[in-house]
Each structure stands twice: as C-alpha cells, then as structure tokens.
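Visitor: Here the protein sequences come in this chain order: A and B. If you read the first sequence in my numbering, its first letter stands for residue 1, the second for the next number, and so on. If you read the second sequence in my numbering, its first letter stands for residue 256, the second for the next number, and so on. Each residue gets a CB set at the ideal place from its N, CA and C atoms; glycine is no exception.
Protein chains: 2
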Amino acid sequence: MFQRQFNLHPFLERLTSRSRLSEGEKQAILDLPAHASQVAPNIDFVRLDHTTDHACIVVQGLVGRFEQTFDGNRQITALHLPGDAADLHSVVQPKARSALHTLTTTTILRVPHAALRSVAANHPAVAEAFWRDCVIDAAILSQWVVNVGRRDARGRVAHLVCEMAVRYKAVRPEQEFFFDFPVTQAQIGDMMGLTPVHINRVLKALREEELLTLSKSRVHVMNWTGLKYAGEFTAEYLQADTGPEESLRLVAPHR
Amino acid sequence: MFQRQFNLHPFLERLTSRSRLSEGEKQAILDLPAHASQVAPNIDFVRLDHTTDHACIVVQGLVGRFEQTFDGNRQITALHLPGDAADLHSVVQPKARSALHTLTTTTILRVPHAALRSVAANHPAVAEAFWRDCVIDAAILSQWVVNVGRRDARGRVAHLVCEMAVRYKAVRPEQEFFFDFPVTQAQIGDMMGLTPVHINRVLKALREEELLTLSKSRVHVMNWTGLKYAGEFTAEYLQADTGPEESLRLVAPHR
DNA sequence: CGCGACGTTGAGTTCGGTCAATCAGCGTGG
DNA sequence: CCACGCTGATTGACCGAACTCAACGTCGCG
Chain A
1 MFQRQFNLHP FLERLTSRSR LSEGEKQAIL DLPAHASQVA PNIDFVRLDH
51 TTDHACIVVQ GLVGRFEQTF DGNRQITALH LPGDAADLHS VVQPKARSAL
101 HTLTTTTILR VPHAALRSVA ANHPAVAEAF WRDCVIDAAI LSQWVVNVGR
151 RDARGRVAHL VCEMAVRYKA VRPEQEFFFD FPVTQAQIGD MMGLTPVHIN
201 RVLKALREEE LLTLSKSRVH VMNWTGLKYA GEFTAEYLQA DTGPEESLRL
251 VAPHR
Chain B
256 MFQRQFNLHP FLERLTSRSR LSEGEKQAIL DLPAHASQVA PNIDFVRLDH
306 TTDHACIVVQ GLVGRFEQTF DGNRQITALH LPGDAADLHS VVQPKARSAL
356 HTLTTTTILR VPHAALRSVA ANHPAVAEAF WRDCVIDAAI LSQWVVNVGR
406 RDARGRVAHL VCEMAVRYKA VRPEQEFFFD FPVTQAQIGD MMGLTPVHIN
456 RVLKALREEE LLTLSKSRVH VMNWTGLKYA GEFTAEYLQA DTGPEESLRL
506 VAPHR
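Here you go:
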C-alpha cells in the first residue's frame, strides 16, 4: 500500500555521497524493485541467524543493529538513518549475524538480493559502490569500538551525539542547533555499554555544562565546539575520502 | 629479497574458506604481483590518514589494527593473522582510517590496488569474494563491540582467547591444547579497553580457575568448554554462512 | 483515573583504575 | 663474566567511575 509513496532516492543519495555513479547507473538504482512496509517501534524485523533474500533500506525512522549476550543484555552496534541500507552486506552474507530493531515507527524498503546482484553485475561501478558502502559502515563500527573501549561515559555520549548531528546534517558550527533523535535513555545505554541510570546522570552533567540537552527525542546542541572536544570528535571517518568525482572504477580501463 | 620465498597461497586459502572460486580465478589470485617485506615488531607500517596504493597481506606474524584517542590511549580493533588481507578495504577506500601495527616480526606482501582491481574486474566472483571478505571482517568487528561493551574483564579475555584459538585452528574440543599468541599483557589491554594491570589479574584468575594459561606468548587452554562458557563464545560469526561451494556469483546468469 | 513506560535521584557497593614497588628475563657493553 | 638498563609481569593499597537497588516523579494514553 505504500508502494507509490516511497522510492529509492534517499538510498541513491547515500550511495552517491560516497561513490560516483553515472546517470545510467543512478537510474538503474532507482529502477530497483522495492517493497515498502511500515514497521512499528521496538520490532525486530531482521532476526539473528535468519537467512534473507532481500536487503532493507531505511526510508523513514530509525533502526538499530544489535547483538545480545546470553543473559539478554543488548549491545547496539550501529544506527541506520533514512537512506542507509541497513544490511547491504546480506547480499554476500545472507545469514544475519546481528538483528535489526526499529527504534521508532519506521518505513523500510525491501530490495531482493537478486535485483541488487543483477544491477551490480551489469554495472561494475555499482558493485564497487556497494562494497564501499559496507567498508565505510565498517569504519563507523570501528570508531564505535574506540568509543566504547576507551572513553568514559561523558565522552561516549558526547561522541555519539556528535556523530548523529553530522549524520543528520544538523550541524551549524557557529550557533546552537537542534535535531530529532528518537531514542530512550535505556537505548543510549545499550549503544554505549552503560546502564540507563548512568546515561541519565551523564545527560544531566552535559546539560549543566551547557553542552547539550536531550529531551522528548530532540537534541539541542548548545556548544558544538565544546561538545566535539568532550567527545574527541572528528567527522572524517563518516565520509569517503575520495570525493565521489574522483572515485575510481572497479573495472580498469581497457588498454 | 623475499620475493621468492613467500607467495599468495595463505591469502588464497583465506579467500576460498569464505567464497568459492574457480581454478582460473584461484590462479589469477596467485598470479597477483606482490612485494614481500619484513617488518620489525612494534612498527606502524600503515599510518593513520595516509593514502596507499596497495593492500597488505599478512604472511607471517601478527598485526593489530588500532586507533587512538587524543590523549594517546590506543584501542586495538582487530587482529590480522597470516592469510588475512589487513586492509583489503583500502582498494575502495585508499585513505587509512586506522593504523596497522606489527605485534611481532611480520612478513607482509604488498599488492597494488591496480592489480587487485584488474583481477576483480576480470573475475566478478573475485570481486564478490573481496567484498565478502570485508563483510566478514565487519562481523568480527561487530562482535568486538559486544565484547568490549557488554562483558566484564574476565569474559572479554576469555572471549578473545576463544576467538584466537578458532582463528589459529588450534582447538581440540576433547582435550587441552596450546597455540602461539605473541602479545604482551599491555597489548591485550589495548584490545579489551582495560589496563595492563587488570589484564594481569584476570589472567591470574583464569589460571586459578584452570581455564587457561598465557605465558611466553603461548596459550595453554586447559578447559575449552569452560572457557567458551566464560566468554559466551560461539564461533559462527567467524565463518561465511554459505559454504564456499554454494556461494552465489555476483554476475547473474544470462537469460 | 489508573496504568505503564520513561526519566530522575539518592545511598551503598563493586569492578576496574591508579600509583607504586618488586621481580624476572634478556640483550649490551665494560 | 657480570653489571646495567630496559621491557614486561606481578602484587598490594587505595581510589573513583559506573553499577545496583530502590524510591519517586512525570507524562501519555486507554
């Protein structure tokens, strides 16, 4: 029923922000068959160890990737915003090693692996763009390890908010700014490897430092410079290092 | 000077353990140009933010991938054993987001990106194998986040040793076994987000529990079942879920 | 209006960190 | 051969960040 309301433009934008594609390749992405569906909050729409034949693209809402320990503690390892392909890697690894969970009401587009493979096979630059997309997600994941492993609670939360501000394209370096970030304190705890109670105390401290406020699923960044410093944040890891224009083709030119 | 002594067989083995390749594709991998070199211990042979035109394959020794915080604390995010392509992702993301550091004397083979691209372009199944390799490394990284984020010190170290035992193919489920793991306690601390002092105490506890002994760069696992339980370890995430035989080709068959 | 989910706060505990001393091994140079 | 210095392992005493437990507040909703 949502078939006509949602298209693959956000996904294409994400891809082209990381890789250069020709007009024909862009059109091939937009022509991919996709089945839209709404998912209610707090639903695991991809379960651990299940094998899928399609990839999920987030169009609206917020999705968390997580795994859990034997005693049920959850660790969120990644967040997926609109435009992100939450499990593009499933094209080459169909069995899910981590679950996908909606944090809010979310609209996802399901694209069959067969169609993605076909586009990648016919357009080597698209295959490379898919590969690069997975590689950049891995770089983000790597930063997540650093955050959880080496920063104290205040630094972790500051870093998370910085990353989200950049990924939501909300940053106004010269002034305060706001953006929606629909998560509970318990979910932030699951991202950072901390308890909800401690997240609460950290948010209170950040508020008292006049760095940021988080309330009602909305972040108010009051001091971007100070926040970046508190989270030791630099944004480079979020982008491809080659501008999409200079990006090389996987297929070497024929000699 | 080492050109003739080392070849790409370990790398090919790693690839074929995760993806199926035809004889021609295998040969193409083995025919890749590679420049061997020895690197002394504790050398950063790929620096942060440097752009490379080649990928590094570990043939002997042990390599750690790491990033660091502003105050110089290191977080090791991955280990690369012989056969691993430590930065295959650099083919599509040439600027290094994390550094590579030798933990022991290490022999690496440097393979030009141009050659890897050429093989991938001529053999779509190789392109897919490269992509899958990066995806499985990301799954290992994801487990690393869970380990650091959600387990206590004892569980983290137990999990690490379990992962290494499996990756070194040292496991003998029915009996005690040994394997070389040439790292210092300080380096284990950098992997787990803990201090060297605490690693020492945890190793002492694991020794007193008769789970494992680590001394002189050698691990002695005394109780595999108990160790797996302590680290909540399951090995699935280390492998491709499709056996290499069933692995699909990126190129769809022509209709 | 009452319930449930989420947020807030306090008191006490604990895991892991910090600081510091000691020890063992090992390569080097006198 | 042995003294020296360096690196890494070990241990103790103390500290502090984050956890646990528990109570209470707040808000949205049926």
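In the DSSP assignment, the alpha helix (DSSP H) including residue 414 (chain B) goes from what residue to what residue?
Guide: 408–422
Visitor: Specify the secondary structure class of residue 34 (chain A) as computed by DSSP and reduced to three states.
Guide: Note: residue 34 (chain A) maps to coil in three-state DSSP.
Visitor: Just to confirm my understanding: we take residue 308 (chain B), look at its own chain, exclude 5 residues before and 5 after, and list those with CB closer than 8 Å. What are they?
Guide: Contacts found: 349, 367, 368 and 369.
Visitor: Roughly how many whole angstroms lie between the Cα atoms of residue 20 (chain A) and residue 129 (chain A)?
Guide: 8 Å
Visitor: Answer with buried or exposed for residue 442 (chain B), where buried requires no fewer than 16 other C-beta atoms within 10 angstroms of its C-beta.
Guide: buried
Visitor: Can you tell which of B:280, B:420, B:448 and B:315 has the C-alpha that lies nearest to the C-alpha of residue 477 (chain B)?
Guide: B:420
Visitor: Taking only the alpha-carbon atoms, compute the straight-line gap between residue 429 (chain B) and residue 104 (chain A) and give it to the nearest angstrom.
Guide: When rounded, the distance between both Cα atoms is 47 Å.
Visitor: Between residue 330 (chain B) and chain A, is the shortest Cβ-Cβ distance under 8 Å, so that the two count as touching?
Guide: yes
Visitor: For residue 240 (chain A) and residue 204 (chain A), what's the separation of their Cα atoms in angstroms?
Guide: Cα to Cα, the separation comes out at about 35 Å.
Visitor: Residues in the region 472–495 of chain B with C-beta within 8 Å of chain A's C-beta atoms, listed in sequence order?
Guide: 487, 491, 492 and 495
Visitor: Is residue 19 (chain A) helix, strand or coil by DSSP?
Guide: coil
Visitor: Could you tell me the alpha carbon to alpha carbon distance between residue 252 (chain A) and residue 376 (chain B), rounded to whole angstroms?
Guide: Legend: pLDDT at residue 252 (chain A) = 43, less than 50; position of this residue unreliable, no value from coordinates given.
Visitor: According to the Cβ coordinates, are residue 465 (chain B) and residue 410 (chain B) closer than 8 Å?
Guide: no
Visitor: Kindly provide the ranges of any alpha helix (DSSP H) runs that are 4 or more residues long and lie completely inside the region 414–484 of chain B, ordered along the chain.
Guide: 440–447 and 451–463
Visitor: Quick one: is residue 353 (chain B) near chain A, going by C-beta distance under 8 Å?
Guide: yes
Visitor: Relative to the C-alpha of residue 483 (chain B), which candidate in B:473, B:472, B:467 and B:361 has its C-alpha closest?
Guide: B:467
Visitor: Is the beta carbon of residue 126 (chain A) less than 8 Å from the beta carbon of residue 87 (chain A)?
Guide: no
Visitor: Per DSSP, what are the beta-bridge partners of residue 64 (chain A) in this structure?
Guide: A:79 and A:101
Visitor: Short of 8 Å Cβ to Cβ, which residues in the region 115–133 of chain A face chain B?
Guide: Here the close residues are 117, 118, 120, 121, 124, 127, 128, 130, 131 and 132.
Visitor: Between the region 23–33 of chain A and the region 131–138 of chain A, do at least 3 Cβ pairs fall closer than 8 Å?
Guide: These segments do not touch.
Visitor: Could you give the C-beta distance for residue 362 (chain B) and residue 317 (chain B), rounded to a whole number, given that I count them as a contact under 8 Å?
Guide: Contact flag wrong, Cβ pair sits at about 11 Å.
Visitor: Using DSSP bridges, identify the partner residues of residue 54 (chain A).
Guide: A:112
Visitor: Can you tell me which of the three DSSP states residue 266 (chain B) falls into?
Guide: helix
Visitor: I want to verify the contact list: residues of chain B whose CB lies under 7 Å from the CB of residue 256 (chain A), in sequence order.
Guide: As displayed, chain A neither begins before 1 nor continues past 255, which places residue 256 (chain A) out of reach and without an answer.
Visitor: Beta-carbon separation of residue 58 (chain A) and residue 80 (chain A) under 8 Å?
Guide: Closer than 8 Å, so yes.
Visitor: With a threshold of 8 Å between beta carbons, is residue 187 (chain A) in contact with chain B?
Guide: no
Visitor: I believe residue 405 (chain B) touches residue 185 (chain A) by the beta-carbon criterion, under 8 Å. Please report the beta-carbon distance rounded to the nearest angstrom.
Guide: Not really, about 17 Å apart at Cβ, beyond 8 Å.
Visitor: Please name the residue in B:324, B:355 and B:344 whose C-alpha comes closest to that of residue 448 (chain B).
Guide: That would be B:324, whose Cα lies nearest to the Cα of residue 448 (chain B).
Visitor: Using a Cβ cut-off of 7 Å, which residues of the region 60–74 of chain A contact any Cβ in chain B, in chain order?
Guide: 67, 69, 70 and 73
Visitor: Hey, how far is the Cα of residue 11 (chain A) from the Cα of residue 109 (chain A)?
Guide: When rounded, the distance between both Cα atoms is 10 Å.
Visitor: Do residue 353 (chain B) and residue 321 (chain B) have their C-beta atoms closer together than 8 Å?
Guide: yes
Visitor: So with Cβ pairs under 8 Å, would you call residue 288 (chain B) a contact of chain A?
Guide: Interface annotation, residue 288 (chain B): not in contact with chain A, CB-CB separation never under 8 Å.
Visitor: According to DSSP, which residues form a beta bridge with residue 340 (chain B)?
Guide: B:312
Visitor: What does the Cβ neighbour count give for residue 347 (chain B), buried or exposed, with the cut at 16 atoms within 10 Å?
Guide: buried
Visitor: Mind pulling the chain A residues with CB within less than 8 Å of residue 310 (chain B)?
Guide: Residues of chain A passing the Cβ test: none, with the nearest at roughly 12 Å.
Visitor: Taking DSSP as the reference, what is the three-state secondary structure of residue 92 (chain A)?
Guide: coil
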